[in-house]
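Participant: Encoded as structure tokens, here's the structure I'll be asking about.
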Amino acid sequence: MEKSANLSESVIFPKGGKIPEQYSKYFKGNSYLSMLVTGGDEFNCPVGNVTFEPGARNNWHKHPGGQILLVTGGCGYYQEEGKPAQELHPGDVVKIPPNVKHWHGAAPDSWLVHLSIETNVHAGPPEWLEPVSDEEYNKLR
């Protein structure tokens, strides 16, 4: 499949709706969320299928309990503060330790789909920080 192809109908889990309004201010571009496991159930480990349109990304942020990303489609980036960005491809697993400042999103010419697993959610909600600037993002091309 071409990198620029719309992956929304070609992956295992549903694309879901646009990121909820209360979180959309922490995203640039169009992103979608389908919650597969909610945080309020007995598993205490929210799992969401997140789909980013080309060029879409989230702000810098931290998860007090950590996060795991399982890339299922497309191409994108993950970056921790002070480190070079790494390209993301289907099959990649990113283990993000608690309180590590990071961001993730699609490449400019590709959709990105990943499962987001929040770990140790009892530690608290994500801390949303500043946007990834266009200048920072465009350096990755």
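For what it's worth, the working numbering labels the leading residue of the sequence shown as 2, then goes sequentially. By construction, the Cβ of each residue, glycine as well, lies at the ideal position given by its N, Cα and C atoms.
Figure out for me which residue from Tyr78, Gly49, Gln68 has the closest Cα to the Cα of proline 55.
Facilitator: Looking at the Cα atoms, Tyr78 is the closest of the given residues.
Participant: Looking only at C-alpha atoms, which of Glu81, Pro109, Pro91, Trp112 sits nearest to isoleucine 97?
Facilitator: When only C-alpha atoms are compared, the closest one is Glu81.
Participant: How big is the Cα-Cα spacing for serine 117 and asparagine 60?
Facilitator: Serine 117 and asparagine 60: Cα-Cα distance of roughly 15 Å.
Participant: Output the distance between the C-alpha atoms of tryptophan 112 and phenylalanine 53, rounded to the nearest integer angstrom.
Facilitator: Cα-Cα distance, rounded: 6 Å.
Participant: Can you tell me which of the three DSSP states valine 122 falls into?
Facilitator: Here valine 122 sits in helix by DSSP.
Participant: With a cut-off of 8 Å on the beta carbons, I'd call tryptophan 129 and histidine 62 a contact; round off their distance for me.
Facilitator: Tryptophan 129 to histidine 62, Cβ: 5 Å. Contact.
Participant: Along the chain, where does the alpha helix (DSSP H) containing serine 25 start, and where does it finish?
Facilitator: Run containing serine 25: 22-25, per the alpha helix (DSSP H) assignment.
Participant: At which residue ranges does the stretch 38-96 contain complete beta strand (DSSP E) runs of 3 or more residues, listed in the order of the chain?
Facilitator: Here the runs fully enclosed are 48-53, 68-75, 77-81, 87-89.
Participant: What does glutamate 128 pair with, by DSSP beta-bridge criteria?
Facilitator: Bridge partners of glutamate 128: Lys63.
Participant: What is the residue span of the alpha helix (DSSP H) that asparagine 139 lies within?
Facilitator: Run containing asparagine 139: 135-139, per the alpha helix (DSSP H) assignment.
Participant: Quick one: grab the DSSP three-state call for lysine 29.
Facilitator: Lysine 29 falls in the strand class under three-state DSSP.
Participant: Using only CA atoms, which one of Lys29, Val48, Gln23 lies nearest to serine 35?
Facilitator: Checking every option, the nearest Cα to that of serine 35 belongs to Val48.
Participant: Drop a sphere of 10 angstroms on the beta-carbon of histidine 103, count the other beta-carbons inside from all chains shown, and report buried for 16 or more, exposed for fewer.
Facilitator: Answer is buried; the Cβ neighbour count reaches 16.
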